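Report on the following structure.
Residue numbers (this note's numbering): 34 to 293.
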């Protein structure tokens, strides 16, 4: 009796638990690889929860597939089922070229919906991060100065081990192009702002609604392009860089207060 119970427990561990245990780390590595430049899986509680949902679902499907499959295919190692299930998250180059076994379609059932939800969550987190980083800059002068500091910061993150020379060249070009767009938009706001301020002083009046609209629109465009530059900092940077970027922004605002 005791031998039967022990054998049953061993069977459950090998056929159900082992595939899930093997699948979990494989799934996590595949998630990190899949979203390596799209967001931070542990950036916020919501993104971490979405990533955990994918991990739990995939591991559970691996355990289920192993438990139902192994009694009919004893030659299949339980660990192999878990590994294959986790590797199913690796993005395919083109639909129809993966040669996916029908078992994989069952094991990864629901992954597509969860992965799309995770991708959306990561994009939302990045947009909110970029907005929070640029929010609070009062004018185009501050924004221009902050964008320049972000560019310098990004340039220090280009030459990292493992990045090809072509990748470094492409990233440097993209940083410079996005920074140039921010500077152009900031200078446009400065020109409009200076013109409006001079007219108001000469004519001894307050700003018209149209002048306010023009200035806000120009500043909004500069803000948007600055978040586009910051998008690179989020994609290629680390969470430890966040404090540095906030410090750079505080430095810009503090220097303006000191001058005033």
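The C-beta atom is built at its ideal place from N, Cα and C for all residues, glycine as well.
All values reported here derive from a predicted model rather than from experimental measurement.
Looking only at 77, 216, 199, the smallest Cα-Cα distance to residue 251 is reached by 216. The segment 255-267 and the segment 151-168 touch, with three or more beta-carbon pairs separated by less than 8 Å. Rounded to the nearest whole angstrom, the CA to CA distance from residue 286 to residue 53 is 51 Å. The Cβ atoms of residue 97 and residue 57 lie no closer than 8 Å to each other. If the five residues before and after residue 187 are omitted, its C-beta is found closer than 7 Å to the C-beta atoms of 208, 265, 266, all from its own chain and listed in chain order. Cβ-Cβ distances below 7 Å link residue 84 to 64, 74, 151 in the same chain, with the five nearest sequence neighbours on each side left out; the list follows chain order. Residue 172 sits in coil when the DSSP states are folded into three classes, being neither helix nor strand. Counting along the chain, no alpha helix (DSSP H) covers residue 196, and no H or E run does either.
The C-alpha of residue 219 is placed about 8 Å away from the C-alpha of residue 254. Straight-line spacing of the CA atoms in residue 201 and residue 144 works out to 33 Å. The three-state secondary structure of residue 68, taken from DSSP, is coil.
Residue 179 is not a Cβ neighbour of residue 277, given a cutoff of 8 Å. Our two residues, residue 233 and residue 189, have alpha carbons roughly 43 Å apart in a direct line. Secondary structure at residue 93: helix, using DSSP grouped into helix, strand and coil.
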